[in-house]
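Mapping of the sequence shown onto full-length UniProt numbering: position 534 corresponds to residue 534, and the numbering continues sequentially without gaps. For reference, the structure discussed in these notes is given below.
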Amino acid sequence: MAREEDDGGGVDINVFVYSASIWMAEAVGDYRIAVRLLREMGCPPNGVCYDGVISALSKHGLHREALYLYYEMRSMGLAATRKTYQRLAHAIDNSRDPELSRQKRIALLSGVLSRMTVEDRSVRVGGPLFESIIRNHGNATNPKIAYQAARMAFDSIVGPADDACLSAMLRICSMAEPVRWNEALMLIHSSDIVSKAPRPGLVSNRALSHAVIACSKADQYEEALNLIELYGTCVVSRGIGEGKSIANRGGSVSVKAVNAVISACGRRSRPDVAVQILNEMGTICGVEPEEASYRLAIIACNQAEHREKHRRQTTSIGPEFKWWQCALSLLRRMKEDGLKPSMQTISSVVSACEAAGEWQRALGVLKSIFPLLGDGEIEQMGNPEPPNLYCLNAAIAACEKGNAWVEALQLYESIRTMQDSENAVRPNFITVNSLLIALERAHQNELACSIYRDAVKEKIVQPWKRRYDNDGKLRRMMDLHKFSAPMAKIAVRSFMETELTAPRWKPVSADVVFIVGKGKRSEDKPVLLPAIAHMLQEEYGIIAVLDETNTGRLRVSKDGIRSLVERKKWKI
Numbered sequence: 001m002a003r004e005e006d007d008g009g010g011v012d013i014n015v016f017v018y019s020a021s022i023w024m025a026e027a028v029g030d031y032r033i034a035v036r037l038l039r040e041m042g043c044p045p046n047g048v049c050y051d052g053v054i055s056a057l058s059k060h061g062l063h064r065e066a067l068y069l070y071y072e073m074r075s076m077g078l079a080a081t082r083k084t085y086q087r088l089a090h091a092i093d094n095s096r097d098p099e100l101s102r103q104k105r106i107a108l109l110s111g112v113l114s115r116m117t118v119e120d121r122s123v124r125v126g127g128p129l130f131e132s133i134i135r136n137h138g139n140a141t142n143p144k145i146a147y148q149a150a151r152m153a154f155d156s157i158v159g160p161a162d163d164a165c166l167s168a169m170l171r172i173c174s175m176a177e178p179v180r181w182n183e184a185l186m187l188i189h190s191s192d193i194v195s196k197a198p199r200p201g202l203v204s205n206r207a208l209s210h211a212v213i214a215c216s217k218a219d220q221y222e223e224a225l226n227l228i229e230l231y232g233t234c235v236v237s238r239g240i241g242e243g244k245s246i247a248n249r250g251g252s253v254s255v256k257a258v259n260a261v262i263s264a265c266g267r268r269s270r271p272d273v274a275v276q277i278l279n280e281m282g283t284i285c286g287v288e289p290e291e292a293s294y295r296l297a298i299i300a301c302n303q304a305e306h307r308e309k310h311r312r313q314t315t316s317i318g319p320e321f322k323w324w325q326c327a328l329s330l331l332r333r334m335k336e337d338g339l340k341p342s343m344q345t346i347s348s349v350v351s352a353c354e355a356a357g358e359w360q361r362a363l364g365v366l367k368s369i370f371p372l373l374g375d376g377e378i379e380q381m382g383n384p385e386p387p388n389l390y391c392l393n394a395a396i397a398a399c400e401k402g403n404a405w406v407e408a409l410q411l412y413e414s415i416r417t418m419q420d421s422e423n424a425v426r427p428n429f430i431t432v433n434s435l436l437i438a439l440e441r442a443h444q445n446e447l448a449c450s451i452y453r454d455a456v457k458e459k460i461v462q463p464w465k466r467r468y469d470n471d472g473k474l475r476r477m478m479d480l481h482k483f484s485a486p487m488a489k490i491a492v493r494s495f496m497e498t499e500l501t502a503p504r505w506k507p508v509s510a511d512v513v514f515i516v517g518k519g520k521r522s523e524d525k526p527v528l529l530p531a532i533a534h535m536l537q538e539e540y541g542i543i544a545v546l547d548e549t550n551t552g553r554l555r556v557s558k559d560g561i562r563s564l565v566e567r568k569k570w571k572i
């Protein structure tokens, strides 16, 4: 420790002693002593002294004081160091001022950036400040403008970027609207990085993951796989039968990024690639599948099965692959791996079974998890998440397609029972429609009408609308154009059997109008119009005529209604 004795016998403490004392105060978290030592120095301070005080202030979120000292040291001609910018950025990012908004933080950081020298704009010195600016732009509320602002800061870096700055920029590429996947590819391919990389040409797990997510969000799953092949752990094959060999090369990509690729494969109608990635992610990327990994692959299988269903309905070609079986297999495997499936996962499996017409499988999945729904073999899953309406609707639809009206009715009653519990699920239009189709096909007319009337009372189904008639007057009409043909028949039958029955019936003063639509949503030809017209004639002997001014309406004359009531002796 250097000392110089003056003529009075005192000791003159030099700048090195002061700097050491300031950093001791910083270490114990006492910024007041650090500031006092700086102000009481008997010699000009150096950058180390200022760094120590700025660091002490940053620990307490005193960004104003830290900025003041930064500008003071620059006015004295002292050079800033990486530590200076690191602690300054920390002070602004962690300010205890509640009124310091995100935009104000960005403005303060940008102000510092504008005063930086060319030497300071390298990541070796100013890297922490650049990373903070880019990250704060990424956390801004408007992702549409965040990318451009962050890119301007990134492009102002002199020389190669480091991993922190590149990762922050790639993260913004993945969050931008629209997602900037092309820019992410350009950045990761062209950036001369990276400190701490095991060898040249490799990027970090963090940077690679953000780039993969950016490509995946844009559904560019092939580009995402290329990135993993180039910078990640292995070569990933492109799909069943299209293979490239798999070889470990060290490193990894995050499980979140792999999940994003699986999701993109599902959206691009490539469930085969999604399942293969799931099967190989532990080997090729060094990460084990989580619940979300299985869920996304199962969703891809469900979507594929629904496409197969549509293809079977529109062509005579037989099924190529049973994706519902794949979904069931993945569900079984994730349970064996000790992962608890979410309700979305269960719903997707049930929906896949429904699309394939495998109603017994759909019920089996539900009953194995939810004791309320049946007496199947219950699996030990702790407290299972209650079934959601989508899941139950899919199961009822599966029963409807399998002509299992009893099971469909049991499921419907289970839903109504749950309305009195904490996990209440209220039936919706789809629920009632699927059940009524099953009951109509089974010729359970009275039961179907009863359930329909209850649904009307509970406002699940609201068929009556006020519409303008041909004479320009508002009248009550039965709007059926969103109903399935079986449900529409039940609605008309319920009207005929109840509203026209004594003691409720009152003589009608106008025609009864059924809105059946013009068949624009039908794949081949109108369905509702002939179905309702035929039912009225066969069951009630009424001739319904097409409205000449609106071909989407069937009209039953008031005289026809009165004649029907008289014939059936419904009048009081």
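From the three backbone atoms N, C-alpha and C, an ideal C-beta is built for every residue, glycine too. Note that the structure is predicted; figures quoted are calculated from it, not measured.
Tell me, to the nearest whole angstrom, how far the beta carbon of residue i is from that of residue j; I am working on the premise that it is less than 8 Å.
| i | j | result |
| --- | --- | --- |
| Ile-396 | Val-365 | Actually they are not in contact, since the Cβ atoms of Ile-396 and Val-365 sit about 14 Å apart, beyond 8 Å. |
| Leu-37 | Ala-25 | 7 Å |
| Ala-107 | Leu-62 | That belief does not hold up - the Cβ atoms of Ala-107 and Leu-62 are roughly 18 Å apart, past 8 Å. |
| Ala-161 | Ile-133 | The Cβ separation is near 13 Å, so there is no contact. |
| Leu-480 | Leu-528 | 6 Å |
Using the Cα positions of residue i and residue j, report the straight-line distance between them to the nearest angstrom.
| i | j | result |
| --- | --- | --- |
| Arg-553 | Gly-517 | 7 Å |
| Val-425 | Val-513 | 34 Å |
| residue 579 | Ile-22 | With the chain covering only 1 through 572, there is no way to say anything about residue 579. |
| Ala-352 | Lys-322 | 10 Å |
| Glu-354 | Ser-434 | 12 Å |
| Met-1 | Ser-19 | Per-residue confidence for Met-1 stands at a pLDDT of 38, beneath the threshold of 50, marking its modelled position as unreliable; no derived number is given. |
| Tyr-71 | Arg-151 | 26 Å |
| Tyr-452 | Pro-486 | 12 Å |
| Gln-402 | Ser-368 | The residue you asked about is not Gln; residue 402 is Gly in the sequence shown. In a straight line, the C-alpha of Gly-402 is about 20 Å away from that of Ser-368. |
| Ser-209 | Ala-257 | 5 Å |
| Ala-488 | Pro-530 | 12 Å |
| Asn-228 | Val-253 | Checking the sequence shown, residue 228 turns out to be Ile, not Asn. Those two C-alpha atoms are separated by around 7 Å. |
| Phe-16 | Pro-44 | 11 Å |
| Thr-498 | Phe-370 | 38 Å |
| Asp-469 | Val-556 | 13 Å |
| Leu-328 | Tyr-294 | 11 Å |
| Lys-340 | Ile-277 | 20 Å |
| Glu-131 | Gln-148 | 15 Å |
| Pro-386 | Met-418 | 10 Å |
Quick one: what does DSSP say residue i is sitting in, helix, strand or coil?
| i | result |
| --- | --- |
| Arg-467 | strand |
| Arg-555 | strand |
| Arg-64 | helix |
| Phe-370 | coil |
| Arg-270 | coil |
| Leu-528 | helix |
| Phe-429 | helix |
| Leu-546 | strand |
| Arg-115 | coil |
| Leu-480 | coil |
| Val-287 | coil |
| Val-157 | The residue asked about is misnamed: residue 157 is Ile in this sequence, not Val. The answer is coil: DSSP assigns Ile-157 none of H, G, I, E or B. |
| Ile-515 | strand |
| Leu-100 | coil |
| Ile-460 | coil |
| Arg-441 | helix |
| Leu-474 | strand |
| Ser-434 | helix |
| Phe-16 | helix |
Going by the CB atoms, is the gap between residue j and residue i shorter than 8 Å?
| i | j | result |
| --- | --- | --- |
| Arg-562 | Val-508 | yes |
| Ala-438 | Cys-399 | yes |
| Leu-330 | Ile-298 | yes |
| Phe-429 | Ile-460 | yes |
| Tyr-171 | Asn-136 | A quick correction: the sequence has Arg, not Tyr, at residue 171. Not closer than 8 Å, so no. |
| Ile-188 | Val-203 | yes |
| Leu-109 | Leu-129 | yes |
| Ser-348 | Arg-307 | no |
| Gly-159 | Val-125 | no |
| Met-281 | Pro-289 | yes |
| Val-406 | Cys-326 | no |
| Gly-82 | His-60 | Contrary to the premise, residue 82 reads as Arg rather than Gly in this sequence. No, the pair does not count as a contact, with Cβ atoms beyond the cut-off. |
| Lys-85 | Leu-69 | The sequence given here has Tyr at residue 85, not Lys. No. Outside cutoff. |
| Ala-224 | Val-261 | yes |
| Val-432 | Ala-408 | no |
May I ask you to check if the CB of residue i is nearer than 7 Å to at least one heavy atom of the ligand ZN?
| i | result |
| --- | --- |
| Glu-538 | As presented, the structure is devoid of all ligands, the ligand ZN included, so that no description of it is given. |
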